[in-house]
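S.K.: Its first residue numbered 1379, the sequence shown is counted upward by one per residue in my numbering.
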Amino acid sequence: MKNEPLAERTAPRRCDVAFTVDGRRVIAVAGETVAGAMLAAGERTFARRYGERRAPLCNMGTCFECAVTVDDAPLTRTCLTTVREGMDVRTDA
């Protein structure tokens, strides 16, 4: 594990909440942000804007790079949104 790239490392997680990202089931720890859960699940691209891939940058809600559609609400900042059971996340925003 020492020589593994950081992005490839995983740690055991207690997961109590399930939601979907583009129809794919993702499990998360209750209380964590959607951005944290998506990153832990291996998501690296949250949206495409002007043809470029976007992912969390500031993680405090100012840059909107992590914005996706959550439960039909466009431009929802995943770094500020807590996961909820059954939440529907779409990255095609």
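C-beta: ideal position from N, C-alpha, C; glycine also. On a predicted model such as this, the values are computed, not experimentally measured, just so you know.
(1) So the alpha helix (DSSP H) valine 1412 belongs to, where does it begin and stop?
(2) Can you pull the DSSP bridge partners for threonine 1398?
(3) Residues in its own chain within less than 6 Å of threonine 1469 by CB, not counting five upstream and five downstream?
(4) Where alanine 1415 and methionine 1465 are concerned, what is the direct C-alpha to C-alpha distance, given to the nearest angstrom?
(5) Hey, quick one: how far does the beta strand (DSSP E) through arginine 1422 stretch, first residue to last?
(6) Can you tell me which of the three DSSP states proline 1434 falls into?
M.R.: Straight from the coordinates:
(1) 1412-1418
(2) Arg1403, Asp1466
(3) Asp1400, Phe1424, Ala1425, Val1446
(4) 12 Å
(5) No beta strand (DSSP E) holds arginine 1422; DSSP gives it neither H nor E.
(6) coil
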